[in-house]
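So the structure is just underneath, and the comments pick up after that.
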Amino acid sequence: METVPRAAAIYLVLPALFRLAGRRTLREMTAFDFILLLIIGEATQQALLGDDLSVTTAAVAVTTLIALDIAMSLLEQRAGFLERMIDGVPTVLVADGTPLRERMRRARLDEQDVMERARALHGLERMDQIRFAVLEPGGDITIIPRRGAGRGEAGG
Amino acid sequence: MTPLPADAPADIRRIEDRLPFQRRTWRIQRIGWAAMALVVLAALSGATGRGGPLAEAETVTPDGALRIRYERMQRLGAPTLLRLEARAGAANRDGAIELRLDPAFLRDWRLRPGVPVPEAAAAGPDGLRLRFRAAPGAARVAVMLELMPERAFLVARPAIALGDGPPARPLILVWP
Numbered sequence: 001m002e003t004v005p006r007a008a009a010i011y012l013v014l015p016a017l018f019r020l021a022g023r024r025t026l027r028e029m030t031a032f033d034f035i036l037l038l039i040i041g042e043a044t045q046q047a048l049l050g051d052d053l054s055v056t057t058a059a060v061a062v063t064t065l066i067a068l069d070i071a072m073s074l075l076e077q078r079a080g081f082l083e084r085m086i087d088g089v090p091t092v093l094v095a096d097g098t099p100l101r102e103r104m105r106r107a108r109l110d111e112q113d114v115m116e117r118a119r120a121l122h123g124l125e126r127m128d129q130i131r132f133a134v135l136e137p138g139g140d141i142t143i144i145p146r147r148g149a150g151r152g153e154a155g156g
Numbered sequence: 001m002t003p004l005p006a007d008a009p010a011d012i013r014r015i016e017d018r019l020p021f022q023r024r025t026w027r028i029q030r031i032g033w034a035a036m037a038l039v040v041l042a043a044l045s046g047a048t049g050r051g052g053p054l055a056e057a058e059t060v061t062p063d064g065a066l067r068i069r070y071e072r073m074q075r076l077g078a079p080t081l082l083r084l085e086a087r088a089g090a091a092n093r094d095g096a097i098e099l100r101l102d103p104a105f106l107r108d109w110r111l112r113p114g115v116p117v118p119e120a121a122a123a124g125p126d127g128l129r130l131r132f133r134a135a136p137g138a139a140r141v142a143v144m145l146e147l148m149p150e151r152a153f154l155v156a157r158p159a160i161a162l163g164d165g166p167p168a169r170p171l172i173l174v175w176p
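So the sequences go chain by chain: S and V.
Mapped onto full-length UniProt numbering, the consecutive letters of the first sequence carry residue numbers 1 to 156.
Mapped onto full-length UniProt numbering, the consecutive letters of the second sequence carry residue numbers 1 to 176.
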């Protein structure tokens, strides 16, 4: 019985912490982020299982976590507000070639981060070649280039 | 004022419409960071146990016969030590001391015999009585018991006494 509330507590606490930490934390996994995740997993495991090493407890813990995840996704589907709360919303970072610096600062990003994605996705060289840059809920930056700018196109 | 150009596509406009929500999220995140810093500071001060000035405590029975060192902040399932020290002359005529522990210790904790092992233990309505033999002429008799909390969110003041003397009531909190 105890495994279910333990798993539920972990399921609620960890995402809440990551949501509070903000998107930048999981935007691009560096080697250190990867190690940090391993340590978090290790620290959580004990609280989840206690001193019980049985297959039953492991199965109950995993089943509870997956069931909660399914329940949460069903709830998110029905309640838009919940989805915004949990996953976040996209944010425009560059509009018509103009970087919106205050937003970038709040999202802990800078122009270099945007240009890095612009180069990788479209081979862009300058900020004014970007029509829109959007920080997506998952932490990725999507780039919409100006017409005529970018890889394989004439001009720019 | 929106920074979007007049010909911005509908999708981008919809994203921009949700900016107030994102601004609230940023504000809440800043509050969350401050809360995380407070949690770390509280943990360093011992509020969550395992060392730190708030975690460890000491109390004495009103008659001064028994000194008790204990962990004020305990955690569910984590073993903790209860160190008891009876003052000189506390032993009775046959050279034994008797400790009286609150019934709560049997209900909310798992009790393991520490060092030394009691020569007799008896459970009664007033709790658990443990008898230890004191070395002849010993100035003080020290006893160590191992406890493991079995109830989370517990705030307890269990009685601990020497024999039939007045009890000390250490304040103990158990975190989940």
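Cβ coordinates follow ideal geometry from the N, Cα and C atoms, glycine included.
Item	Value
Give me, in chain order, the residues of the same chain whose beta-carbon lies closer than 6 Å to that of G88(S); leave out the 5 immediate sequence neighbours on both sides.	P137
Taking the alpha-carbon positions, what's the R19(S) to Q29(V) distance?	8 Å
Cα separation between E119(V) and L130(V)?	8 Å
Ignoring anything shorter than 3 residues or poking outside the region 122–163 of chain V, list the beta strand (DSSP E) runs there in chain order.	127–133, 141–149, 154–156, 160–162
Within 10 angstroms of its Cβ, does D113(S) collect 16 or more other Cβ (buried), or is it exposed?	buried
For the alpha helix (DSSP H) containing E102(S), name the first residue and the last one.	101–106
Check for me: the beta strand (DSSP E) holding G96(V) runs from which residue to which?	In the sequence as presented, Gly is not what sits at residue 96(V); that position holds Ala. Note, A96(V): beta strand (DSSP E), 96–101.
What residue from D140(S), R131(S), T142(S), G148(S) has the CA that sits closest to P5(V)'s CA?	R131(S)
Give the residues of chain S in contact with L145(V), contact being defined as C-beta atoms less than 8 Å apart.	Here the premise fails: no neighbours, minimum Cβ distance about 20 Å.
According to the neighbour-count rule (16 or more other Cβ atoms, all chains shown, within 10 Å of its Cβ), is E71(V) buried or exposed?	buried
So the candidates are V134(S), D128(S), L135(S), F34(S); which of them puts its Cα closest to the Cα of R147(S)?	D128(S)
Following the continuous beta strand (DSSP E) through A95(S), name the residue where it begins and the one where it ends.	91–95
Measuring alpha carbon to alpha carbon, tell me which of P62(V), A152(V), A96(V) ends up nearest M73(V).	A152(V)
Check the Cβ-Cβ distances between F132(S) and every residue of chain V, and say whether any is below 7 Å.	yes
Restricting to Cα atoms, I'd like to know which of P90(S), A107(S), R105(S) is closest to T142(S).	P90(S)
Return the bridge partner residues of A8(V) from the DSSP annotation.	BP columns for A8(V) are empty, so no partner.
Pick helix, strand or coil for V174(V), following the three-state DSSP scheme.	strand
For I144(S) and G46(V), I'd like the C-alpha separation in whole angstroms.	51 Å
Could one say the Cβ of L4(V) lies closer than 7 Å to chain S's Cβ atoms, at least one of them?	yes
Rounded to the nearest angstrom, what separates P3(V) and A16(S) at their Cα positions?	31 Å
Going by C-alpha distance, which of V92(S), A95(S), L135(S), V60(S) is nearest M1(S)?	V60(S)
Where do the N-terminal and C-terminal ends of the beta strand (DSSP E) with R69(V) fall, by residue?	66–71
Excluding the 5 residues preceding and the 5 following I10(S) in the sequence, name in chain order all residues of the same chain whose CB lies nearer than 6 Å to its CB.	T44, L48
Go ahead and label G41(S) buried or exposed: buried means 16 or more other beta carbons lie within 10 angstroms of its beta carbon, across all protein chains shown.	exposed
If we call anything under 7 Å between Cβ atoms a contact, is L84(V) one with I97(V)?	no
Which residues in chain S have a C-beta closer than 7 Å to the C-beta of W26(V)? List them in chain order.	R106
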